[in-house]
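Using the numbering used here, the first residue of the sequence shown is number 707, and each one after it goes up by one.
Structure, as C-alpha cells:
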Amino acid sequence: MLSEAHLTEGMRSVFVELLVHGPLSRAEAARRLDLSPSAVTKLTKPLLQDGYLLQQPVGDRNAMGRPSQPLAVDPARAALIGVKLTEDELFAVRTDLRAEIQRELRRPLISHDVDDVVACVGEAVRDLTGSGKPPAAVGISLAGTASGGDPVVPTSPFLGWRNVPLGGLVAAATGIPAVVVENDVRALTAAQQWFGAGVGHSSFALVTVGAGLGCGLVIGDRLVRGAGRGTGLVGHMSIHDSGPLCEMGHRGCARAYVSSAAIRRAVATTLDRPDLTFEACLALAAEGQPAARRILEEAGEALGQVVATVANITGVQLVILSGEAVAMYDVCAGAFDAALAAHTHWTSTPIDVVVKPFTFSEWARGAAVIALQHRILGR
Ligand SMILES: [Zn+2]
707 MLSEAHLTEG MRSVFVELLV HGPLSRAEAA RRLDLSPSAV TKLTKPLLQD GYLLQQPVGD
767 RNAMGRPSQP LAVDPARAAL IGVKLTEDEL FAVRTDLRAE IQRELRRPLI SHDVDDVVAC
827 VGEAVRDLTG SGKPPAAVGI SLAGTASGGD PVVPTSPFLG WRNVPLGGLV AAATGIPAVV
887 VENDVRALTA AQQWFGAGVG HSSFALVTVG AGLGCGLVIG DRLVRGAGRG TGLVGHMSIH
947 DSGPLCEMGH RGCARAYVSS AAIRRAVATT LDRPDLTFEA CLALAAEGQP AARRILEEAG
1007 EALGQVVATV ANITGVQLVI LSGEAVAMYD VCAGAFDAAL AAHTHWTSTP IDVVVKPFTF
1067 SEWARGAAVI ALQHRILGR
C-alpha cells in the first residue's frame, strides 16, 4: 500500500482513521467516517490482506450481540526515516508506522557543500536501515522555505542554499525514490497532528521557541503550506518599538525578546556575566534574580502576544507550545497567560495552550511523519 499505487480515496481515509485513532471496531470506523459498516469491511479487506491492518483480539459485544473485532494498523509493517538538518549537524531517526522511534543517530556536517550533505544523509539512511527492509519513504526537514511535494529547497538560511534539488539527490544517493523535503516547523506540526496533542483537533497551531520563533498550522485537517513564501512567519512580529534589536535590525520584534539567544544575551549583558548559558538564565529567573526575572517576563509577554495574534488570525482554539527553549514557559507562565488574555480578541473563547516538553529527536521524528503523510495522502 505504501509502496504501491492502488490505494483508493476510501482506503486512504479508513487507513488514516485507524492509524491516528485506532484501534477501532468496523462499526466505530464507519460511524466516524460516515460510511456503512459493509463499506468499511470492503475497504479494509485489501489492507488486511497486505498486512497493513491487524484484527485485534475479540472485544466487547456490539449492539447485535456479536463480538466486535477492532482493527488496528500494524506499526511494524513498514518503516520511515526522518532526517533533520541544522547548521552543523544531522539528526536522523528510524520509526515505525506510528512514528515510534526505533533507532536514532546524530552526525556532524563536515561542510554546507551540497554533495557533502547528501553523502552524510545517504550514510545515515544506510546505517539506520542496516540489514532490515528499506524505509517506505525518507523525510528531510530543515529551516527554510522547503515545502512538501517540491523536492527542491528554495532557500535555507543556515545552510546558505538556494534552489537545491535535495530530494532528487538523496533519492539517487540512497536508491529510495520517495524522498520528501519540508520546513522543520511544519514537519513538527505534522507529528502533533497525527500522533501528538493535535489528535482530535481539525484546526490547531504549533508555536516553537528556540533559536528562532516558528509557527505551524493545521486548518480543517490540512497542514497549511501557503503559496511558496513560507507560512507562520511570526518571528519578526513587532512587539514594542522601544525594545531590543534582533539580528535583522528590527527594534522590539518578537524574536528579539523570545529566542533563546536573545534571552541569554539580555541576562548575560545585564548581569555582566558573559559565561551564562540559556539554562542558567532560566534558573536565575526561577530563583527570583530580579533582572533575569524581568527579562523572562518580557519574553513571556511577547510570546503571549504572538500566540494570541496567531489565534486571532486563524481562529484556532488550541495552541501547542514546543521547541528547544520551551522550558522558558515554566519561568514566565504568569506573564504569558496575562498577555495571551489581554491580546486575545474579546469575542473569542479562551485558547487552550498545551506545553509540550521537547527533545531534539522530535525534529527528525517530524520529518518521518511528513514522509508518512506524503506517502499516504500524496501531498
Ligand atoms: Zn526581527
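Even glycine gets a Cβ: it sits at the ideal position worked out from N, Cα and C.
Item, Value
"Where the beta strand (DSSP E) containing Cys826 begins and where it ends", "Segment 820-835 is the alpha helix (DSSP H) holding Cys826; no beta strand (DSSP E) there."
"Three or more C-beta pairs below 8 Å linking the region 908-916 and the region 844-860", "no"
"His956: CB within 6 Å of a non-hydrogen atom of ligand 2", "For ligand 2, the structure offers nothing, since it holds only ligand 1."
"Limits of the beta strand (DSSP E) - the one that Glu795 falls within", "795-801"
"Anticipated Cβ contact below 8 Å, Ala1070 with Ser966, distance rounded", "Ala1070 to Ser966, Cβ: 20 Å. No contact."
"The beta strand (DSSP E) enclosing Asp1058, as first and last residue numbers", "1058-1061"
"Run of the beta strand (DSSP E) containing Ile914, from where it starts to where it stops", "Reading the sequence as shown, one finds Thr at residue 914 and not Ile. Looking at the DSSP string, the run of the beta strand (DSSP E) that includes Thr914 is 910-915."
"Beta-carbon gap between Asp890 and Leu848 smaller than 7 Å", "yes"
"Stretch pair the region 1071-1084 + the region 718-733: three plus CB contacts closer than 8 Å", "yes"
"Classification of Trp1052 by the beta-carbon crowding that lies within 10 angstroms, buried from 16 upward", "exposed"
"Beta-ladder partner(s) of Ser862, from DSSP", "Trp867"
"Integer-rounded CB distance, given that Val820 should sit under 8 Å from Val870", "5 Å"
"Neighbour-count burial assignment, Ile787, 16 or more Cβ in a 10 Å radius", "buried"
"Distance, Val905 Cα to His727 Cα", "8 Å"
"Arg961 Cβ short of 6 Å to ligand 1 heavy atom set", "yes"
"Whole-number beta carbon distance between Asp802 and Ala782, since they are thought to touch under 8 Å", "6 Å"
"CB of Val1105 within 7 Å of CB of Ala998, strictly", "Residue 1105 cannot be examined here, being either before or after the span of the chain that is shown, 707 to 1085."
"Check whether Pro743 and Gln762 have beta carbons under 7 Å apart", "no"
"Sequence-distant residues of the same chain with beta carbon closer than 7 Å to Gly866, five excluded per side", "His818"
"Stretch-stretch touch, CB-based, cutoff 8 Å, three pairs: the region 953-967 with the region 1005-1017", "yes"
"Backbone secondary structure at Cys921 - three-state DSSP", "strand"
"Straight-line gap, Thr983 to Ser948 (C-alpha atoms, nearest Å)", "26 Å"
"Outcome for Glu734 when other beta-carbon atoms lying within 10 angstroms are tallied against a minimum of 16", "buried"
"Straight-line gap, Gly873 to Lys1062 (C-alpha atoms, nearest Å)", "30 Å"
"Per DSSP, the bridge partner or partners of Val1025", "Ala911, Val1059"
"Bridge partner(s) assigned by DSSP for Gln761", "Leu777"
"For Ser817, three-class secondary structure by DSSP", "coil"
"Reference Gln755; option with closest CA among Ser774, Met717, Phe864, Arg892", "Met717"
"Ala852 (DSSP reduced to helix, strand or coil)", "coil"
"CB of Val1022 within 7 Å of CB of Phe901, strictly", "no"
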